[in-house]
Amino acid sequence: MSDKQYLIDTMTVNNSWRLFKILAELVDGFETLNDLYPAVTIFGSARVLPGDETYEKTYQIAKKLASHGYHVITGGGPGVMEAGNKGAKEGGAKSVGLNIELPLEQSPNPYSTIRLNFQYFFVRKVMFVKYAQAYIGMPGGFGTMDEIFEALTLIQTKRIKPFPVILVGTQYWTGLLDWIRDTLLRGKYVSPEDLDLITLLDDPDEVVHAIKKYVII
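Everything in the sequence shown is counted per this note's numbering, starting at 353 for the first residue and increasing by one.
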């Protein structure tokens, strides 16, 4: 057997095993979260610390949601994710942490009452969307932007049923929303009704009210 053929065969075997790992993560997620309803997914920076305004506001929102019967899903790590899981746990709801294996920043927080570990980002994203009745975007980095825009894209293209996508923090998000209006909308890269998919709020009570108005238990 030539070295080239050996390499091709090895790659084929490795890809086959990777498919089994992907399927295993999907099955594990479906079986674990099957009865989770209603739930709200919260995204945001892994880098904020307890005492930070974003951390404390996330905690308040999650605890208030829990007190109204909503479970909370986060990425399971530190920062905003920790605050969301902590608020949900202390509020008496299911606190779901969907942890991803990363070399930096991502280590499981201690407040998840349901914890799943993922190797593949896209499988984790399936769980975020499939089991959420609303998305909350707190201030965050590339990962937060990725999750928010993926949800907006799925709703815009009617791949999923529409649900509230709430951005929390006027000061943080206004620049991005201005760019969407001034560049994307003006250039006709999005439609005027696409802007209606996003709700911008600051007050935790208003966030909960907006979700309760749409997701009736």
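For every residue, glycine included, the Cβ atom is placed at its ideal position computed from N, Cα and C.
Burial of residue 476 is indicated by the presence of at least 16 other C-beta atoms within 10 angstroms of its C-beta. At the C-beta level, residue 464 and residue 431 stay beyond 7 Å of one another. Take the alpha-carbon of residue 482 and the one of residue 563: they are about 17 Å apart. Relative to the Cα of residue 473, the nearest Cα in the group 450, 487, 485 and 407 belongs to 450.
Taken in chain order, the complete alpha helix (DSSP H) segments of 4 residues or longer contained in the segment 446-523 are 473-482 and 494-508. Judged by DSSP secondary structure, residue 413 falls within the alpha helix (DSSP H) whose first and last residues are 405-419.
Under DSSP, residue 529 shares a beta bridge with no residue. Excluding its 5 nearest sequence neighbours in each direction, residue 501 has no C-beta neighbour in its own chain below 7 Å. Residue burial is scored here from C-beta neighbours: residue 433 has at least 16 other C-beta atoms within 10 angstroms and is therefore classed as buried. The beta-bridge partner set that DSSP reports for residue 392 consists of 424 and 486.
Boundaries for residue 563: no beta strand (DSSP E) harbours it, while the alpha helix (DSSP H) harbouring it runs 556-566, taken from the DSSP string.
Around the beta-carbon of residue 453, fewer than 16 other beta-carbon atoms lie within 10 Å, marking it exposed. Under the DSSP assignment, residue 550 falls in the beta strand (DSSP E) whose first and last residues are 550-553. Residue environment analysis places residue 462 among the exposed positions, since fewer than 16 neighbouring C-beta atoms fall within 10 angstroms of its C-beta. The closest CA to that of residue 479, considering only 394, 554 and 569, is found on 394. In this structure, residue 406 lies near residue 490, with their beta-carbon atoms less than 7 Å apart.
Within the same chain, and ignoring the five residues on either side of residue 470 in sequence, the residues whose Cβ sits closer than 6 Å to its Cβ are 377, 452 and 476.
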